Structures are given as C-alpha cells and as structure tokens.
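Sequence lines, in order, name chains A and B. Okay, so the first sequence: first residue is 1 according to full-length UniProt numbering, each after it adds one. Okay, so the second sequence: first residue is 1 according to full-length UniProt numbering, each after it adds one. Don't be surprised by glycine CBs; every beta carbon is placed ideally from N, CA and C. Every value quoted in this text rests on a predicted model; they were computed, and no experiment measured them. Step one of this worksheet: look at the structure below.
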Amino acid sequence: MRGIKKVITTVTAALVSVGMLAACGSGNAGGADEGLGTADKPVSIDFWAWQPVEDQWKPIIAEWEKENPNIKINLWRNADQAEYEKKLRTAIASGEGPDVFALNSGSMVTQYGKFADDMAKLSDQYMKGWKDNVSSTAIDQMTDKDGKLVGMPTLLTGQEYLLYNETFLKELGITEMPKTYDELVKICKQLKAKGLVPIAYGAKDIWHLVDLFVYLSNEFGEGDIYKAEDGKMKFTDETFVKTMKAWKQMADDQIFEDGAVGVPTYPDTNDNYFAERKTPFLASGSWHSSMVVIPEGMPGLTGKIANDTLGMIEFPQVGPIHSGPTTGVDYALTVNKDSKRKEASMKFIEFMTTGKGQTLWTNMLQGSPVYTKAKVELRKDITETQRESVEMVNKTQSESKLTRKLKYADLENEIGVQMQNVYTGQSSVEDALASIEKVNESVDRG
Amino acid sequence: MKAIQSKSGKTTARSSRSWRYRIIPYLYVLPLVIISGAFIYYCMGFTIAMSFTDWDGISMDASFIGLKNYTKLLTPGSIFFQALLNNLIFLVVTVVVQAALGLLLAVILKERMPGSNLFKAFFFMPVTMAAVIIAAVFRGVLDPNLGGFNQVLADIGLGGLAHSWFGDPKTALLTICVVNIFQWTGFSMIIYYAGLMSIPQEVYEAAKIDGAGFWKTLFYVTLPMLRGTTNVLIVLGIVGSLKTFDIVMQTTGGGPGRATEFLNTYLYKVGIQQYEGGLSSAIGVLVLIIAILMSLGQMWLSNREK
C-alpha cells in the first residue's frame with residue numbers, strides 16, 4: 001500500500017511540474033487569412049480598445065451584425081487608456097495581440113507602428129477610394145516618419161474649448177459669452193466674487209496641460225511648435241516665451257480653480273465642479289459636445305446640471321493670431337501585422353471609417369468625423385445654442401490643420417511638468433523653457 | 001520484488017527506492033522553483049540585461065548602449081535624485097511617525113479598557129482598505145475648493161491655513177505622508193501590540209517594585225524589549241517606501257512639477273508613458289540595489305546594538 005502511495009505521489013508531482021512547463025509553452029499556430037467567413041464557418045476577430053463605451057457599442061455592433069452576420073467581433077475594452085495600453089503592449093510583445101486595436105495620434109504612432117500592418121496597402125486592397133474619403137489631416141497624423149500609415153483614423157478631437165452652462169450663467173446675470181481673454185478675466189472675477197469657481201481646469205493632467213500649451217503656442221506663432229518638436233526651432237524662442245508668459249498670466253489672473261495643478265479633469269473638474277454647478281465653465285475638448293446634445297439612446301446629464309442647457313465656445317483668443325482649435329486623431333484602428341483575419345478586420349475598419357459605423361458613432365458626438373462626406377445628424381428637439389455649439393465644434397475640427405498631440409512622450413511630459421512649475425512659481429518662464437529645450441535636444445528622432 | 005533474493009538484488013531495490021526518496025522532494029519543490037524562476041529571477045535578470053540597452057519596452061528590439069542609462073540617472077540634479085530624495089523624506093517621516101503612533105496606540109490598548117477591541121478594529125480598518133479608496137477619500141476631503149477640511153479650518157477661525165494641500169509643492173509631499181500614516185499606523189499598532197503581549201508580566205512587576213513609573217517603564221523596559229519589533233517595522237518601512245506608487249499616482253501623479261515624484265512613479269512614467277524600457281529597467285535595478293543596501297545597513301546597525 002505504501003508503495004502504491006509513493007508511486008501516486010511521485011506521478012502527481014511529476015505531472016504538476018510537466019503541466020506547468022507545458023502551460024508556459026503554449027502559443028498560437030499560424031495559417032492563411034480566414035477571409036470573410038461563411039454562415040457555416042463565421043470568422044471571429046478580436047478587437048481591443050478603450051472605447052466605445054457599452055451604450056455606444058450596442059447600436060454599433062447591432063448594425064454591424066446585421067450587415068456582416070459572418071464576422072463576429074469580440075471586443076475587449078478598458079475605459080482607462082493607460083490600463084488598455086498596458087495590456088496591449090504585453091500582448092503584442094508576446095505575439096498574442098488582437099486582430100484589430102485602437103490607437104491615437106502622437107507617440108502611439110511611433111511606438112506601435114512596428115506592430116501594425118501597412119494600413120495604406122491593406123486599404124488599397126480592401127477599402128477602395130479611401131484616400132478621397134478620409135480626412136487628409138487625419139491621415140497625415142497617423143503616418144509615421146517612414147511614411148507608413150499606422151492606423152486608419154476614425155474620430156477627431158481637439159482643444160481648446162470652453163463648455164458652459166447657459167442656464168446657470170443666465171441665473172447669474174451673465175448672458176454674453178466672452179470673446180476675448182480680457183472679457184473672460186472679467187467674467188471670472190464676477191464668478192469668484194459670487195463664491196464660485198471661475199473655470200474648472202484639470203491642470204494636474206499632463207495631457208491637458210500639453211493640449212493647452214499647443215493651442216496657445218499656435219496663437220503666438222502658428223505652426224512653430226511642430227517645428228520645435230522636429231528640432232527646427234528652440235523652445236526658448238520668442239513664440240514659446242510668449243506662450244509660457246500667457247500661461248503664467250492665467251495663473252496670476254486666477255481664472256482657474258484654486259490649486260488647479262492638484263485637480264484632475266476626471267472625475268474632479270467634470271463631475272464634482274461642473275456637474276455640481278460649482279462653476280459654469282469647464283475648459284475641455286471637442287468631445288464634450290456629447291454633453292451639449294445628448295445623442296439618442298444615451299444617458300442624459302446627471303448631477304445638478306441634469307435639466308440645464310449647455311453650450312460650447314472656442315477658448316477665447318489669448319495671443320495675436322486666431323489659429324483656432326487643434327485637432328487630433330483621437331481614435332484610429334489598425335490591423336495587427338500578425339493577424340490571420342486581415343480581410344475581415346479591414347471590413348470592420350471600413351465600417352467604422354466610411355460606413356454606417358462612422359455615421360452611428362459620430363452622431364453620438366464622441367468626436368468629429370474623419371469621413372469627408374459624413375454629415376452629423378443632431379436630434380430635432382435641441383435649442384439654437386446647442387445646435388450652434390455642436391456645428392461650431394465639428395466645423396473647427398474639420399477645418400483645423402493644427403495637430404493636437406506631439407510626437408514624443410518625454411517632451412510632452414516635460415512641457416506639462418514645467419507648466420505646473422511655472423503655475424506654482426517653482427520655476428521662472430525662462431528656466432522652465434530651458435528645461436523643455438534640454439529634453440527636446442535629447443529626443444531620439446531616429 | 002519476490003525475484004529480488006540475492007544480495008545484489010536487494011541492493012538494486014534499495015538503490016531504486018532511495019532514488020525515488022531523493023527525487024520526490026525535488027519534484028514537489030519544482031513548481032515553486034519554476035514559478036519563482038520565471039516570475040522573479042528571470043524577470044530580474046531580464047531587467048538587468050535590458051538596463052544596458054535602448055529597449056522601448058514593447059518590442060524585442062534592443063541595442064546595447066553600455067552605461068548610458070545609468071549615467072543619465074546618476075547625473076547630479078537628475079530627476080532620479082529628486083525622486084530618491086522624495087522617497088527618503090517619505091521614508092523617514094512615515095516610518096518614524098507610524099512607529100511612534102503605532103506604539104502609543106498599542107500601549108494604550110494593552111490596558112484592558114472598555115471597548116479596546118473596537119478601537120483596535122477601528123485603527124486597523126484603513127490597513128484593509130485599497131489605496132485607491134483612501135486616496136479618493138483624501139482627495140475629496142482636501143479638495144481646495146470643495147473639500148471639508150478647508151471648510152472646517154475656516155469654521156474654527158483658521159481659514160488662513162486653508163490650502164491646496166495636494167496642489168502646492170510645499171505641502172504636497174507631506175500631505176501624501178499623512179495619507180500613508182493614516183493607512184498604515186494600524187499595522188504598526190498591531191505589530192507592536194503583538195510584541196507587547198510577548199513581554200512577560202513579571203518584567204513589568206519587577207520594574208514596578210524597583211520604583212519605575214510609566215515613562216521609565218516605557219523607555220527602559222518596553223522599548224528595549226520591542227527592539228526586534230521596531231527593526232521589523234523599519235525594514236518593512238524601507239521596502240514599503242521604495243514600493244510606494246498607488247497612493248501617489250491617485251493623489252498628485254508625482255506633481256505639481258516633480259514635487260512628489262517617487263522612484264516608482266518615475267519608473268512607471270519612463271517605462272509605460274514614455275516608452276523608455278531600458279531607462280526604466282535601470283531605475284528598477286537601482287531601486288533594488290538601494291533596497292538591499294538600506295536593509296543591510298539597518299540589519300548591521302541592529303546587530304551592532306545587540
């Protein structure tokens with residue numbers, strides 16, 4: 001009996017060990033492209049992204065399945081983009097990534113380009129006429145330094161806008177929106193005097209600071225920041241000195257909430273300040289037009305603004321040039337170069353870029369369309385303010401040639417850090433710009 | 001086995017049994033060796049190797065660049081040193097205050113007063129809470145415009161102290177220390193409480209007979225006998241400080257500027273947000289070396305005292 005026990009224990013221990021070793025060695029097998037599938041043998045594609053959120057995805061996937069019953073889509077989503085990227089990079093590095101994944105313009109193009117298929121070639125093959133139908137600005141932003149189209153753009157978003165609460169402002173006796181920076185400062189002083197937060201701005205977020213810096217710098221020297229990031233100008237040049245001084249002036253004029261550099265955009269300024277009527281203004285991006293007009297089937301406004309009318313304006317001009325808002329590809333889709341389902345993946349990307357998916361999604365106002373023939377359809381029961389706001393956002397986004405994101409993450413990070421230092425008085429404008437330029441000079445531009 | 005009758009046959013059977021006896025323990029340990037090998041030592045080796053490259057943290061493309069990453073980190077005035085300084089300030093403040101408060105609470109709760117178990121549970125509760133929840137609570141309470149803390153200060157006539165606690169570089173780091181102390185003092189209290197319970201009552205009685213009061217008993221009996229416990233808490237504090245990440249990311253994100261940049265938040269930003277896997281690996285290696293050196297130093301001091 002003891003002998004049998006020993007044999008069993010020995011075999012068990014060996015099996016556990018072998019099993020673990022076997023588990024470490026599993027992987028995907030290769031094969032030819034699976035095509036578009038058939039009713040008997042549908043194709044399944046794995047799609048990873050940080051959006052659409054559940055309420056947005058339901059009508060999109062319903063329409064997709066109606067049009068393409070033989071291609072199933074398995075969506076994995078993490079609304080936190082940083083978390084999404086963590087999983088994506090781990091999977092891609094181990095060769096286990098999804099068939100289709102979402103990217104945005106800026107540093108993601110540089111970093112994930114090597115894992116993406118050549119989207120121009122695939123589009124030529126599977127998306128006829130795409131070059132005439134997709135925004136050329138958006139295409140440029142998704143093209144890397146070697147000329148490879150890394151992702152097919154799907155949505156555009158840009159900065160800097162002011163979301164405002166028209167109902168609340170009327171109650172406060174403010175009926176005219178600020179057109180100049182001086183008018184904005186005057187209104188902010190009125191709001192402060194009433195014990196309110198003037199403008200809620202999440203200056204804790206580096207991304208939001210960089211958005212504002214890029215936007216402002218174009219008002220002092222249109223296009224200079226893109227030359228600087230390419231090493232053709234210095235961040236210590238006049239354009240950026242004026243930009244940083246304008247930012248310092250904003251701090252001195254106290255147009256944002258107290259301690260803005262310690263307050264994040266989400267959830268604090270969005271939910272705790274703006275939605276709770278602690279302020280009638282939120283400095284933010286074009287995507288907030290989905291709060292101005294609630295798309296059909298989407299949940300309405302919450303908090304104390306639930307019954308208010310909201311609107312949007314461009315952030316009042318600060319510099320001498322009216323350059324308008326920036327725009328960026330907030331959402332692009334790419335096919336994993338190792339995918340065995342490229343044809344089906346491209347069918348889905350076409351649906352989201354120039355097909356019904358694009359119409360459905362842009363009607364939800366998550367961003368502005370990249371499809372040049374798209375026309376955003378708004379609900380009929382909206383006010384003139386709401387209609388004008390959304391149309392203004394879509395118009396400025398489609399017309400803008402100014403890129404929202406910079407190409408190098410370390411440069412963006414340094415700009416954000418130094419803006420915080422200037423805001424809190426830890427650094428002078430000159431020292432801050434010198435630090436940014438130092439990082440800019442160390443950027444590896446390949 | 002019946003066939004094994006000869007002397008040599010017996011030897012063969014014994015040898016076979018002894019081989020099995022010898023191999024079984026290794027087989028049981030093997031899964032653990034594989035797991036720790038794959039997840040700890042392989043990763044450690046990989047990180048050390050990558051720290052000498054320009055790896056981007058995603059692809060497997062990496063070129064050897066020698067000590068360039070270390071040179072960048074160890075240049076005087078670098079972000080690394082600023083983060084290290086923040087870590088050290090955080091370490092000293094939190095370890096000392098947590099230990100002092102934890103000991104104080106343990107000594108008080110050792111006296112069998114009514115409701116002491118309830119207090120123990122109350123003080124220990126933050127330890128069981130996720131850092132993200134604690135951070136969210138403090139962010140709400142200390143919000144410069146809407147938070148209750150500034151309001152309370154104003155109500156008691158101290159409105160001049162009202163402040164952007166996380167948004168001012170002068171107070172942000174200390175505010176994070178306070179959040180950490182709030183979360184971990186209960187842990188120090190429980191460890192000290194266990195240590196106190198292990199001190200024989202006779203020692204206290206002898207001290208009492210010798211005329212020692214509360215303070216003399218505390219400094220000449222309790223504290224020396226809790227030296228081992230304190231050493232454990234210091235080592236855990238060193239390791240905990242070097243691991244600090246979530247509470248910082250959830251409150252200040254390392255800002256304003258770099259006022260609350262910690263080694264781990266810097267490592268994360270460089271590796272995850274800036275795609276500099278090689279540099280991030282070098283930070284990881286330096287953090288490991290610092291942790292080993294600090295722990296060895298603390299153990300050496302502790303042994304010298306003995």
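As assigned by DSSP and simplified to three states, the class of residue i
| i | result |
| --- | --- |
| Y201 of chain A | coil |
| T143 of chain A | strand |
| F281 of chain A | strand |
| W50 of chain A | coil |
| F101 of chain A | strand |
| E414 of chain A | helix |
| S368 of chain A | strand |
| D155 of chain B | helix |
| P114 of chain B | coil |
| W57 of chain A | helix |
| G160 of chain B | helix |
| G319 of chain A | coil |
| W300 of chain B | helix |
| G57 of chain B | coil |
| M189 of chain B | helix |
| P25 of chain B | helix |
Per-residue burial, residue i [other beta carbons within 10 Å of its own, 16 or more giving buried]
| i | result |
| --- | --- |
| A260 of chain A | buried |
| residue 374 of chain B | In the structure as shown, chain B begins at 1 and stops at 306. Residue 374 of chain B is therefore absent and cannot be evaluated. |
| L109 of chain B | buried |
| V429 of chain A | buried |
| I35 of chain B | exposed |
| residue 448 of chain A | Shown here, chain A extends from 1 to 446; a query on residue 448 of chain A therefore has no answer. |
| K52 of chain A | Checking the sequence, you will find Pro at residue 52 of chain A rather than Lys. When all chains shown are included, P52 of chain A counts as buried. |
| G115 of chain B | exposed |
| A82 of chain A | exposed |
| K58 of chain A | exposed |
| W215 of chain B | exposed |
| F315 of chain A | buried |
| I289 of chain B | exposed |
| D410 of chain A | buried |
| D143 of chain B | buried |
| A374 of chain A | buried |
Closest residue to residue i among the options (Cα-Cα distance)
| i | options | result |
| --- | --- | --- |
| T334 of chain A | A:E96, A:F115, A:S94, A:K72 | A:F115 |
| P280 of chain A | A:R387, A:W247, A:L88, A:K189 | A:K189 |
| V100 of chain A | A:S94, A:L88, A:L406, A:Q111 | A:L88 |
| M129 of chain B | B:W184, B:T217, B:Y26, B:D56 | B:W184 |
| Y164 of chain A | A:K375, A:Y273, A:D330, A:N363 | A:Y273 |
| K148 of chain A | A:G173, A:T385, A:M127, A:A120 | A:A120 |
| L223 of chain B | B:Y204, B:I58, B:V178, B:I181 | B:Y204 |
| I415 of chain A | A:G202, A:S123, A:V210, A:M392 | A:V210 |
Length of the line joining the Cα atoms of residue i and residue j
| i | j | result |
| --- | --- | --- |
| P256 of chain B | K131 of chain A | 44 angstroms |
| residue 489 of chain A | P178 of chain A | Shown here, chain A extends from 1 to 446; a query on residue 489 of chain A therefore has no answer. |
| A332 of chain A | S323 of chain A | 25 angstroms |
| V93 of chain B | L158 of chain B | 25 angstroms |
| R20 of chain B | S63 of chain B | 47 angstroms |
| V107 of chain B | Y193 of chain B | 7 angstroms |
| L402 of chain A | T38 of chain A | 44 angstroms |
| K356 of chain A | N413 of chain A | 37 angstroms |
| T110 of chain A | V390 of chain A | 32 angstroms |
| Q5 of chain B | I24 of chain B | Low per-residue confidence applies at Q5 of chain B: pLDDT is 49, beneath 50, and the placement is therefore not dependable, though the value from the model is reported in the following sentence. One C-alpha to the other measures close to 27 angstroms. |
| Y126 of chain A | A79 of chain A | 30 angstroms |
| L146 of chain B | N363 of chain A | 35 angstroms |
| M44 of chain B | G97 of chain A | 24 angstroms |
| N307 of chain A | M291 of chain A | 12 angstroms |
| K227 of chain A | Q274 of chain B | 21 angstroms |
| S136 of chain B | A100 of chain B | The sequence shown places Ala at residue 136 of chain B, rather than the Ser named in the question. Distance between the alpha carbons of A136 of chain B and A100 of chain B: 26 angstroms. |
Residues of its chain near residue i, where Cβ-Cβ distance is below 8 angstroms and the 5 sequence neighbours each way are ignored
| i | result |
| --- | --- |
| V95 of chain B | L233, I234, G237, I238, S241 |
| S400 of chain A | T137, G158, G324, P325, T326, T327 |
| E226 of chain B | The question names Glu, yet the displayed sequence has Leu at residue 226 of chain B. Cβ neighbours of L226 of chain B beyond the five flanking positions: L103, Y192, G195, L196, I199. |
Close-in-space but distant-in-sequence residues of the same chain around residue i (CB under 7 angstroms, 5 per side omitted)
| i | result |
| --- | --- |
| E261 of chain B | I79, Q82, A83, N86, G254 |
| A23 of chain A | Note that A23 of chain A has pLDDT 38, beneath the 50 cutoff, so the model's placement of it is unreliable and the number below is only indicative. None. |
| F187 of chain B | V127 |
Cβ shell of residue i (< 6 angstroms), same chain only, five flanking positions each side left out
| i | result |
| --- | --- |
| G106 of chain A | K405 |
| F235 of chain A | A228, L433, I436, E437, N440 |
| A344 of chain A | L36, V43, I45, I71 |
Short CB-CB distance (under 8 angstroms) between residue i and chain D
| i | result |
| --- | --- |
| V197 of chain A | In the structure shown, chain D does not exist; the protein chains are A and B. |
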